[in-house]
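As you go down the protein sequences, you meet chains A and B in turn. Take any residue in the first sequence, count from 1 to its spot, add 385: that is its number in the working numbering. Take any residue in the second sequence, count from 1 to its spot, add 16: that is its number in the working numbering. Structure first, commentary second.
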Amino acid sequence: PQPPHSTTLPSHFMKGAIIQLATGELKRVEDLQTQDFVRSAEVSGGLKIDSSTVVDIQESQWPGFVTLHFVVGEQQSKVCLDVPPEHPFFVYGQGWSSCSPSQTAQLFALPCHRLQVGDVCISISLQSIS
Amino acid sequence: NVEPRSVAVFPWHSLVPFLAPSQPD
Numbered sequence: 386p387q388p389p390h391s392t393t394l395p396s397h398f399m400k401g402a403i404i405q406l407a408t409g410e411l412k413r414v415e416d417l418q419t420q421d422f423v424r425s426a427e428v429s430g431g432l433k434i435d436s437s438t439v440v441d442i443q444e445s446q447w448p449g450f451v452t453l454h455f456v457v458g459e460q461q462s463k464v465c466l467d468v469p470p471e472h473p474f475f476v477y478g479q480g481w482s483s484c485s486p487s488q489t490a491q492l493f494a495l496p497c498h499r500l501q502v503g504d505v506c507i508s509i510s511l512q513s514i515s
Numbered sequence: 017n018v019e020p021r022s023v024a025v026f027p028w029h030s031l032v033p034f035l036a037p038s039q040p041d
């Protein structure tokens, strides 16, 4: 397997970063709510929001990373992701969450909950054409 | 003179992972 391609996260997770929703509305990253993602997917076309449930969190084979195991969408597909522990995910009804909220706070000043098995994260996929 | 600061604006979909299920063979 290939190692994760980057050890630095983009600055859009930095507290105060300006995010443009698909409606055109601008919000700060820390102010985003579940509905902002849902609404954006609805109006963007071609993208759909999936519910991705965390089923396992393990140490990665790559130093400094964790491996997250998700089951994704209605089909309950299994997907693994190697990410740095400070990587934030948006959990339904809870908001930003990471495996290491303290590191996320240190690097991005973004307040986070601790990501746990059973959390349901927002992810996106391509909308299938019927 | 104060130069206007450019502010980066990021698209919403850059914040959430793209988790495409692997296609069955």
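Virtual Cβ for every residue (Gly too), placed ideally from N, Cα, C. Predicted model only: the values in this text are computed from it and were never measured.
State the start and end residues of the unbroken alpha helix (DSSP H) segment that holds residue i.
i: S485/A; result: Unbroken run through S485/A: none, as it is neither H nor E.
Does residue i pass the burial test, meaning 16 or more other C-beta atoms within 10 Å, or should it be called exposed?
i: G458/A; result: buried
i: W28/B; result: buried
i: C506/A; result: buried
i: T489/A; result: buried
i: D467/A; result: buried
Taking residue i as part of the beta strand (DSSP E), name the residues at either end of that continuous run.
i: V428/A; result: Not the beta strand (DSSP E): V428/A falls in the alpha helix (DSSP H), residues T419 to S429.
i: Q443/A; result: L432 to E444
i: C465/A; result: S462 to V468
i: L35/B; result: Per DSSP, L35/B belongs to no beta strand (DSSP E) and is neither H nor E.
i: H454/A; result: V451 to V457
i: V476/A; result: F474 to V476
CB residue i to CB residue j, shorter than 8 Å?
i: K400/A; j: L495/A; result: yes
i: F560/A; j: V32/B; result: Nothing can be reported for residue 560/A: it is not among the residues displayed for chain A, which extend from 386 to 515.
i: F455/A; j: L35/B; result: yes
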